[in-house]
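Colleague: For the sequence shown, the residue numbers in the UniProt record's numbering are 1 to 268.
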Amino acid sequence: AIIHKWQKHGTVVNLPRSGRPTKITPRAERQLIREATKDPRTTSKELQASLASIKVSVHDSTIRKRLGKNGLHGRFPRRKKNIKACLNFAKKHLNDCQDFWENTLWTDETKVELFGRRVSRYIWRKSNTAFQKKNIIPTVKYGGGSVMVWGCFAASGPGRLAVIDGTMNSTVYQKILKENVRPSVRQLKLKRSWVLQQDNDPKHTSKSTSEWLKKNKMKTLEWPSQSPDLNPIEMLWHDLKKAVHARKPSNKAELQQFCKDEWAKIPP
């Protein structure tokens, strides 16, 4: 490229370019990269203010573009997983027989949003069609836009699903276990050696819940901390939410009913 430039223009220096010259000087660009690298959580507005201190005034969108050209892109931060704890868990259960896993009851809670997390912020529409039905987001009615559910499953299929009303605490959690665990164990035909899996949420590990589990002779699977992706029920939650959102519930009552309907359709 340099040889071609010399042959064509007789020089290798940068030639005048078309378009508006950039406002960000090399010094300002170095400062941007340095600050964004040092503190990945800094915002484009904060970087904009930083450049203003060296008398460089640019729009925050320009800052984002310039960072992008240097390989720095805005992304949601990932949650840190406890890799060591997960590895220790895997080693501990490496030689467990198939019968053990077939008689494990996996449990968890999840929130199901009324419109889902992937509702587009933008739509394609023509002028003067802003309020056509297909171009608006319906108003949430009947008190809220999400429901919390508790569910369980085993190798033989899904167990019960419970809709959680009100605030979830240790007392509510124990009530859910009382009403749903043993019926699910019987429904799924688990052996007497069955084990209950639950994560380390404070409601699950509180003193009162631990005593309740002991009193009701429910053996639990020791679970590694900070390991949200380890529970296979996450795949069921994904399928459930996808099926529910495909039915486009318009209020909380429909959302609850669709959750129950779609959970019941999950095959063994």
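We put the beta carbon where it would ideally sit given N, CA and C, even for glycine. All values reported here derive from a predicted model rather than from experimental measurement.
Taking the Cβ atom as the reference point for each residue, do residue 174 and residue 105 lie within a distance shorter than 9 angstroms?
Modeller: Stepping through the sequence shown from its first residue, residue 174 is reached at position 174. Stepping through the sequence shown from its first residue, residue 105 is reached at position 105. No, they are not a contact pair.
Colleague: Could you have a look at residue 179 and say whether DSSP puts it in helix, strand or coil?
Modeller: What you label residue 179 is simply residue 179 of the sequence shown in a count that begins at 1. Helix.
Colleague: Taking all protein chains shown into account, decide if residue 188 is buried (16 or more other Cβ within 10 angstroms of its Cβ) or exposed.
Modeller: By one-based count along the sequence shown, residue 188 stands at place 188. The residue is buried, with at least 16 neighbouring Cβ atoms inside 10 Å.
Colleague: Going by the beta-carbon positions, is the gap between residue 244 and residue 218 smaller than 9 angstroms?
Modeller: Indexing the sequence shown from 1 puts residue 244 at position 244. Indexing the sequence shown from 1 puts residue 218 at position 218. Not a contact, by the Cβ cut-off of 9 angstroms.
Colleague: Could you give the DSSP three-state label for residue 256: helix, strand or coil?
Modeller: Start at 1 with the first residue of the sequence shown, and residue 256 comes out as number 256. Correct three-state label for residue 256: helix.
Colleague: Looking only at its own chain, which residues have a Cβ that is under 8 angstroms from the Cβ of residue 37, when we skip the five neighbours before and after it?
Modeller: Mapped onto the sequence shown, residue 37 falls at position 37. Contacts found: 72.
Colleague: Under the rule that 16 or more other beta-carbon atoms within 10 Å means buried, what is residue 204, buried or exposed?
Modeller: By one-based count along the sequence shown, residue 204 stands at place 204. Buried, since its Cβ has 16 or more Cβ neighbours within 10 Å.
Colleague: Whole angstroms are fine: how far does the CA of residue 238 sit from the CA of residue 2?
Modeller: Locating residue 2 in the sequence shown gives position 2, counting from the first residue. Locating residue 238 in the sequence shown gives position 238, counting from the first residue. The straight-line gap from Cα to Cα measures roughly 53 angstroms.
Colleague: Skipping 5 residues on each side, what residues in its chain have a beta carbon closer than 6 angstroms to that of residue 152?
Modeller: Position 152 of the sequence shown, counted from the start, is the residue given in the question as residue 152. So the qualifying residues of the chain are 105, 107, 159 and 184.
Colleague: Can you confirm whether the segment 92-100 touches the segment 59-69 when touching is taken to mean that 3 or more C-beta pairs between the two stretches lie within less than 8 angstroms?
Modeller: No: the two stretches stay apart, fewer than three of their Cβ pairs being nearer than 8 angstroms.
Colleague: Given this structure, state the Cα-to-Cα distance separating residue 164 from residue 261, to the nearest angstrom.
Modeller: Position 164 of the sequence shown, counted from the start, is the residue given in the question as residue 164. Position 261 of the sequence shown, counted from the start, is the residue given in the question as residue 261. One C-alpha to the other measures close to 16 angstroms.
Colleague: Under DSSP, the alpha helix (DSSP H) around residue 60 begins and ends at which residues?
Modeller: For this step, residue 60 is matched to residue 60 along the sequence shown. Unbroken alpha helix (DSSP H) run through residue 60: 60-69.
Colleague: Name the one or two DSSP bridge partners that residue 100 has.
Modeller: Residue mapping note: residue 100 aligns to position 100 of the sequence shown, counting from 1. Partner(s): none; residue 100 has no beta bridge.
Colleague: Between the Cα of residue 69 and those of 24, 202, 191 and 210, spot the shortest distance and give me the residue it belongs to.
Modeller: Walking along the sequence shown from the start, residue 69 turns up at place 69. The candidate whose alpha carbon is nearest that of residue 69 is 24.
Colleague: Quick check: the Cα distance between residue 240 and residue 227, rounded to an integer number of angstroms?
Modeller: Residue 240 sits at position 240 when you count from the first residue of the sequence shown. Residue 227 sits at position 227 when you count from the first residue of the sequence shown. Their backbone Cα atoms lie some 21 angstroms apart in a straight line.
Colleague: With H, G and I counted as helix, E and B as strand and the rest as coil, what does DSSP make of residue 278?
Modeller: The shown model of the chain, from 1 to 268, leaves out residue 278, and the question about it has no answer.
Colleague: Could you compute how far the alpha carbon of residue 52 sits from the alpha carbon of residue 65?
Modeller: Within the sequence shown, numbered from 1, the residue matching residue 52 stands at position 52. Within the sequence shown, numbered from 1, the residue matching residue 65 stands at position 65. In a straight line, the C-alpha of residue 52 is about 17 angstroms away from that of residue 65.
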